[in-house]
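>
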Amino acid sequence: MLLGWVASAVLAADPDAATRAYTAFESRNYDDAIRLFRQALASSPNRTDWRRQLAYTLLKTGETEAARDQFAEVIAIDPKDLHTTLEYAFLCHETKRTREARQVFDRLRGSADPKVRTTAAEAFQNIDGPLKASIERWQRALKANPGDFSAHVELAESAELRGEIALAAAHFRKAWELKPAERQHLVDYGRMAKEAGEEAQANAAFLAASRGGTPRDAEVARDLLPQRYPYAGEFQQALSLDPSNIGLRREFGFLLLAIGKPAEGEAEFERLLAIAPGDLLANAQLGLLRLARNETDRAMPLLEKVMKGNDEALAKRIREALNIRQEQPEAPRAQNWKALGEQSYEVGNLKDALRFFMAAREDDPADQRVNLKLGYTYNMLNQDSEAIRYFDNARKGPDTELKAEATRAFRNLRPALARFRTTYWALPLYSSRWREMFTYGQVKTEMKLGKLPFRPYVSVRFVGDSQRAAGPLGPGYLSESSFILGVGVATTPWHGMTAWSEAGNAVRYRERSDIGRMTPDYRGGLSYARRMGRSIQSGTPGFFLENTNDAVYLSRFNWNLLLYTQNRLGRTMRSWNDLQWQIAWNMNFTTDRKREPWANFIDVGPGIRFRHKRMPPSMVWTVDLLRGRYLITEGNPRKPVYYDLRVGIWYAGTR
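Just so you know, we're using our numbering here: the sequence shown kicks off at 129 and counts up by one.
#1: Can you give me the start and stop residues for the beta strand (DSSP E) that residue 556 sits inside?
#2: Whose C-alpha, out of 413, 440, 422 and 441, is nearest the C-alpha of residue 431?
#3: Out of curiosity, what's the CA-to-CA distance linking residue 517 and residue 503?
#4: Determine the closest residue to residue 416 out of 468, 635 and 356, with distance taken between C-alpha atoms.
#5: So is the beta-carbon of residue 344 under 7 Å away from any non-hydrogen atom of the ligand COA?
#6: On the CB-based measure, 16 or more other CB atoms within 10 Å of its CB, does residue 720 come out buried or exposed?
#7: Over the uninterrupted alpha helix (DSSP H) stretch that includes residue 585, give me the two end residues.
#8: At a cut of 8 Å, does the region 528–536 reach the region 556–565 through at least three beta carbon pairs?
#9: Residue 404 by DSSP, collapsed to three states: which one?
#10: Excluding sequence positions up to five away, which residues of its chain have a Cβ less than 6 Å from the Cβ of residue 572?
#11: Under a three-way DSSP split, which group does residue 539 fall into?
#12: In terms of residues, what are the limits of the alpha helix (DSSP H) holding residue 505?
#13: Does the distance from the C-beta atom of residue 435 to that of residue 446 stay below 8 Å?
#14: Touch check for the region 169–186 and the region 205–223: three-plus C-beta pairs under 8 Å?
#15: Am I right that residue 329 and residue 321 are in contact with their C-beta atoms under 8 Å? What's the rounded C-beta distance?
#16: Is residue 351 near residue 378, with beta carbons less than 8 Å apart?
#17: Do residue 725 and residue 760 have their C-beta atoms closer together than 8 Å?
#18: Could you name the residues of the same chain whose beta carbon sits closer than 8 Å to that of residue 398, not counting the 5 residues immediately before and after it, in chain order?
#19: Spatial neighbours of residue 234 within its chain, please: CB distance less than 6 Å, with the 5 preceding and 5 following residues excluded, ordered by chain position.
#20: Is residue 629 helix, strand or coil by DSSP?
#21: What is the DSSP secondary structure of residue 784, reduced to helix, strand or coil?
#22: Considering Cα atoms alone, identify which of 732, 148 and 577 is closest to residue 168.
#23: Rank 722, 727, 704 and 731 by C-alpha distance to the C-alpha of residue 696 and give the top, closest one.
#24: Can the beta-carbon of residue 362 be found closer than 8 Å to that of residue 410?
#25: If you compare alpha carbons, which of 158, 191 and 613 is closest to residue 650?
#26: So does the region 375–393 actually touch the region 299–319, counting three or more Cβ pairs closer than 8 Å?
#27: In whole angstroms, what separates the C-alpha of residue 307 from that of residue 353?
#28: DSSP has residue 223 in a bridge; who is on the other side?
#29: Just the C-alpha distance for residue 365 and residue 708, rounded to the nearest angstrom, thanks.
#30: Counting along the chain, where does the beta strand (DSSP E) carrying residue 292 start and finish?
#31: If you reduce the DSSP assignment to three classes, tell me which class residue 713 lands in.
#32: Report back the beta-carbon spacing between residue 290 and residue 260 to the nearest angstrom; my notes put them in contact at under 8 Å.
#33: Which residues share a DSSP beta bridge with residue 622?
#34: By DSSP, does residue 455 sit in helix, in strand, or in coil?
#35: What does DSSP give as the partner residue(s) for residue 99 in the beta ladder?
#36: Do residue 205 and residue 230 have their beta-carbon atoms positioned less than 8 Å apart in this structure?
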C-alpha cells in the first residue's frame, strides 16, 4: 500500500495541475478538483492557497474530517493565518473534537483582529457555557446521590472537554470503582493522570486495565503503556490501585519468581488464593513451591485440586512433575525445575519456561543446558540482550556438543547487538533474456548508536556483467560495471519496513566513452519484505509466501524513481537425501516515474529453489522460467513479449 502511494504521488506530480483544479472547481467537478489539487500539492506541499482551496473543495463533497485535516496543515505552515484557524476550530467542533475547538477559540479570543476576536469569543461561549452548566448539573446530582455511576461518567466527560483534568480524573476513577467491570473508565482515568503529569499513576491504571476486562479495553491500555515489560514496582502500584485483579497479581507473582525472589512470589500467590481460591494456576505454582521444600502436607492439597480441575494440560504437567519426583527422589531440586522448564518450553509456555529455568539456575548457575535453554527462551521473548548473556555462559561449559550449539546461537545473535556489524551478500545470475552473466554484491559495515532507530554505515557494492553490452538497450540499463563506494544511513526494520539513503562514488572497471571512470552516485529508498509459511530449511512440507517491495531513487538513471514488487508463492517439499527444495510461482512487476520503456514490465512463471544441508545456511540455488511483457512498446527496441531462464546463487552472511 505504501509503495503504491509513493508511486502515485511521484508519477502524478504536474505543475499545471493547480490551474486545471481551479477550473474543475468552478465547473463544480469536485472529484477532479480534489484529485488535481492533490497532484499539485505533491510537488509543492507548502502552497497554502492550494491546500486551503482543497479543504473547501472537500467540504463541498461532505468530507468534513479530511477538510479539517487540510486546514490543520495550512496552520502548521502558516500559524498566523487566523481565518483558517477559525475554520479549523469550527470543523473540530463539528467533527466531535470539542475540547480542541474550545482551546482554539479560547486562544483566538485574544486576537488583535476584532472580527476574529468577536467570532471566537461567541463560539467559545457557545461551547463553554453548556459544558459549565453540565458540570454544575451533574455535581448537584452527585451531591444528592453519590453512588450514581452515570452521573460520575457524564461529569468526567464534561470536565475533560472543558479541560478540567483533575476533576475528570477523579470522576473517571470513581465511576470505575463503582463498576470495576467497566474498565474503559480505568483507561480514561489513566489518560487524565498522564495529562496531569502523574506518569506513575497513569502507568498503574494502564497496567491494571491491560490485565483484565474486555479484549478491546486491554488492547487500548497496552498501547498506552511504555514499550517495555513493566517493572516490579509498577506491578505493586497497579495492585494498590486494583488489588482484586487476579491476572495482574498472578503475573506479578511469576515475575518475582523469575527475578529470584521466591519468598515474595510465594506471598503473592497466597494473597491471590485468598481472593480466588479456585485459581488453578496459582494452586499449581504454590503447591510446586512448597513441594520443592519437601512440605508435602501443605503442597499436596493444592496439587490435588489442580489434578481434579478442568485444565487438563495443567493437570498433566503436575502429574508429570510428581512422577519425576517419585522416580528420582535423590535428584537435586534444580533437576525438577529443569524438567518443568523443558516441558513448558516444548509446549510453547515461554513465561512458565523462563520461571522454571531461572529457578533451576538459582540452584546450579553452572548448568550448561539450563543456561542454553534460558538463552533460547529469552530470544523467543524478544529479549536478546538477556539471551546473549546466557548463550555466552553456556558456551563456556564442558559439554562439547552444547558448547558448539551455544556458540552458534551466540554468534547468530551477537551482530544485532554489537556496536559494529558487517553484512555481506552476493548474487551471481545468468539470464537467457540478455544472454549474459550478472553479478551483484555488497559488503556493508553498520554502527549501532544506542537505542536510536537508525544506523549509519559504509558500503562497497559491486555490479558487473560478463560482456560489454547486451542488445540495443545498451549496458547502462543492465550493469554499471562498477565498484560503488558509499556512506549512508538506514532505519532499523519496523514491521518489515526499512528506509535508507546513501551517497558515494561509482568506480568503473571498464572504459566507457560516455561516462568517466569515477562518477558521483546517490541513491535511497524504501523497502518492505514479508515472509510467511515454511522456510526451505524447515524440513517440514508446507506452503510459503514471500513478498518484497522496493522504491529506489537513483542518480544513475537521471534521478529516476524505480518501483518494483517481487512475489513468490509456493510449497516447501519434503527433504530428499539431504536436498532441501521448494517449488514456486513468481509474479514480478516493475515501473518507474519517468515511464521509460525498459523499466516497465511484468513477468510470471514457475521456479524451483534448492540447497544441500552441507551448504552454508544462507546459500540457495534458484532456477526460474519466466514469461514477460513490456508495458510500454512505443520507443522500445525490444519485442513486447520475452522469455527468460534465470539461474542464480544467493549467498549472505553477517559478522
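No residue lacks a Cβ here, since even glycine has one placed at the ideal position from N, Cα and C.
Quick caveat, the model's predicted, so the values are computed rather than measured.
So, from the data block:
#1: Its beta strand (DSSP E) spans residues 548–559.
#2: Residue 413 holds the alpha-carbon nearest to the alpha-carbon of residue 431 among 413, 440, 422 and 441.
#3: In this structure, the straight-line span from the alpha carbon of residue 517 to that of residue 503 is close to 7 Å.
#4: Residue nearest to residue 416 within the set 468, 635 and 356 is 468 (criterion: CA-CA distance).
#5: Summarising the ligand content, the structure contains no ligands, and the ligand COA is consequently not present.
#6: Buried.
#7: Note, residue 585: premise wrong, no alpha helix (DSSP H); beta strand (DSSP E) at 582–593.
#8: As far as the Cβ criterion goes, the region 528–536 does not touch the region 556–565, which means the pair count is below three.
#9: Coil.
#10: Once the five neighbours on either side are set aside, the close Cβ partners of residue 572 are 551, 585 and 587.
#11: Here residue 539 sits in helix by DSSP.
#12: For residue 505, the enclosing alpha helix (DSSP H) covers residues 496–508.
#13: Going by C-beta atoms, residue 435 is nearer than 8 Å to residue 446.
#14: The region 169–186 vs the region 205–223: in contact.
#15: Indeed, because the Cβ distance is near 4 Å, the residues count as touching under 8 Å.
#16: Contact flag unset, no.
#17: Yes, the pair counts as a contact, with Cβ atoms nearer than the cut-off.
#18: Within the same chain, residue 398 has close Cβ partners 414.
#19: Here the set comprises 252.
#20: Residue state, collapsed to three classes: strand.
#21: An answer regarding residue 784 cannot be provided, because it is not within the stretch 129 to 783 covered by the chain.
#22: Selected option, being the one with the closest Cα: 148.
#23: Per the C-alpha coordinates, the member of 722, 727, 704 and 731 positioned closest to residue 696 is 731.
#24: No, Cβ-Cβ distance for residue 362 and residue 410 is not below 8 Å.
#25: The candidate whose alpha carbon is nearest that of residue 650 is 613.
#26: No, they do not touch.
#27: Separation of residue 307 and residue 353 (C-alpha to C-alpha, rounded to the nearest whole angstrom) is 23 Å.
#28: None; residue 223 has no bridge partner.
#29: The alpha-carbon atoms of residue 365 and residue 708 are separated by roughly 53 Å.
#30: Looking at the DSSP string, residue 292 is not in any beta strand (DSSP E), and its letter there is neither H nor E.
#31: In the structure shown, residue 713 sits in a strand (DSSP, three-state: E or B).
#32: Indeed, because the Cβ distance is near 7 Å, the residues count as touching under 8 Å.
#33: Answer by DSSP bridge pairing, in chain order: 625.
#34: Any reading at residue 455 needs caution, since the residue's pLDDT is 46, under 50, leaving its predicted position unreliable; the model's value is listed next. Here residue 455 carries a helix assignment [DSSP, helix/strand/coil].
#35: Lying outside 129 to 783, the shown extent of the chain, residue 99 is not represented and no answer is given.
#36: For residue 230 and residue 205, no; Cβs fall outside 8 Å.
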